[in-house]
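Enquirer: Here you go, one structure.
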Amino acid sequence: MRIRATVAAVSGALALSAFAVPAAQADGSASYRSDAAKFHAAASADASGKAAFRASAAADDPYALDVTFSDVKVNNGKAIPVGTSKHVAVPTTFTLTHGADVDITADDFVTGAYIYKGSFDTPDNILFGILPATCTPVSATTATCAGDIDIYPGEGELSNTDAGAWKAGALAIAYNGEDPASSDFDITKVGLADQGGFASPNVQRYSKLTVNASPEPVKKGKTITVTGALTRANWDTNKYAGYTAQSVKLQFKKKGTTTYVDVKSVTSGSAGALKTTVKAATDGYFRYNFAGTTTTPAVKAAGDFVDVN
């Protein structure tokens with residue numbers, strides 16, 4: 001869910017009108033995500049992102065729920081590559097510790113991890129799961145929980161400035177029988193815990209790499225021209241665009257062997273174009289290999305075979 005500046009504006013008595021949700025998920029399954037976004041907005045405005053809700057809640061705030069989080073892991077610590085349209089489900093796990101008076105098995109108790117860009121208080125962007133996490137009690141006051149963070153790039157949830165470093169958080173909401181859609185909803189009877197500052201892997205713009213070696217076949221000693229293109233997801237346009245000024249390795253694997261070896265480095269030009277020449281020596285496969293950056297994952301082109309005679 002893309003929240004941006006809207007988050008900072010929500011405080012006090014929660015604005016109960018729904019945040020925008022992806023069109024593909026604009027149904028009942030989106031209620032957790034929408035509520036999580038609104039409650040996080042209020043919590044970050046009042047608690048400055050340290051632990052739960054502020055210790056002394058106002059008359060129009062949820063009360064501080066006796067829940068804390070630890071061992072928050074997102075995507076097993078691996079970077080999260082996201083393309084231009086395909087839904088990405090990012091697995092998360094965390095440990096939830098709660099007071100004896102908190103019933104985490106109640107039907108209206110929900111919890112889940114999320115990731116955010118920027119500060120906890122005023123995040124530039126924040127992404128939740130469509131559904132809450134599932135928790136398994138391991139003692140009277142602790143549970144291990146697992147769920148997904150759902151990313152829908154085709155619905156405008158990311159912009160190019162979102163690529164790179166994010167942080168992780170987790171929250172829990174105990175509705176205690178209160179219905180936010182009801183005219184007599186009493187928010188002070190709802191418990192909330194929200195905790196940020198956990199490590200998260202980078203969110204990256206999915207990359208693609210092509211290669212073409214020609215002519216083929218070619219006589220030994222003649223020139224082979226190897227072209228290709230390095231592109232990555234543009235979240236502002238939902239298309240792929242060239243990744244320019246990047247160092248890419250041209251590699252070669254001799255026929256009958258299993259290992260590629262570096263031949264030379266090539267810098268991507270306009271529209272991510274790659275072009276270089278080599279002398280034909282023996283049958284084998286050429287490919288380009290990009291090592292990746294903090295904003296863009298590593299990628300290797302499929303090898304292109306050249307018959308040398």
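Going left to right, the sequence shown walks through residues 1 to 309 as my numbering numbers them.
Backbone N, C-alpha and C fix where the C-beta goes; we use that ideal spot for every residue, glycine too.
1. If distances are taken between C-alpha atoms only, which option among Q195, P132, Q204 comes closest to G164?
2. If we count the other Cβ atoms within 10 Å of its Cβ and call it buried at 16 or more, is E157 buried or exposed?
3. Just verifying my parser: in three-state terms, what is the DSSP assignment at S56?
4. DSSP state of A302, grouped into three classes?
5. How should E155 be labelled, buried or exposed, when 16 other C-beta atoms within 10 angstroms of its C-beta is the threshold for buried?
6. Which runs of the beta strand (DSSP E) spanning at least 3 residues fall entirely within the region 89-144, listed in chain order?
7. So, for G28: in the same chain, excluding its five sequence neighbours on each side, which residues have a beta-carbon less than 8 Å away from its beta-carbon?
8. According to DSSP, V211 sits in a beta bridge with which residue or residues?
9. Can you name, in chain order, every residue of its own chain whose Cβ lies under 6 Å from the Cβ of D194, other than the five neighbours on each side?
10. I'd like the span of the beta strand (DSSP E) that includes P81, first residue to last.
11. Compute the Euclidean distance between the alpha carbons of T295 and T231, then round it to the nearest angstrom.
12. Using only the alpha-carbon positions, how far apart do F120 and A37 sit?
13. Does the CB of R232 have a neighbour CB from chain B at under 8 Å?
14. Specify the secondary structure class of S268 as computed by DSSP and reduced to three states.
15. Put K189 into one of helix, strand or coil per three-state DSSP.
16. Can you say whether D150 is buried or exposed, counting buried as having 16 or more other CB atoms within 10 angstroms of its CB?
Expert: Taking the definition as stated:
1. Residue Q204 is the option with its Cα nearest to G164.
2. buried
3. Low local confidence applies: a pLDDT of 41 at S56 is under 50, so the model's placement there is unreliable, with the coordinate-based value given in what follows. In the structure shown, S56 sits in coil (DSSP, three-state: anything other than H, G, I, E or B).
4. A302 carries a coil assignment under DSSP once its states are collapsed to helix, strand and coil.
5. buried
6. 109-118, 123-127, 134-137
7. In this prediction, G28 scores a pLDDT of 41, lower than 50, which makes its location untrustworthy; the coordinate-derived value is nonetheless stated afterwards. None.
8. G228
9. H40, A43, L171
10. 80-82
11. 13 Å
12. About 12 Å.
13. The structure shown contains no chain B, having only a single protein chain.
14. In the three-state DSSP reduction, S268 falls in the coil class, being neither helix nor strand.
15. helix
16. Buried, because 16 or more other Cβ atoms sit within 10 Å of the Cβ of D150.
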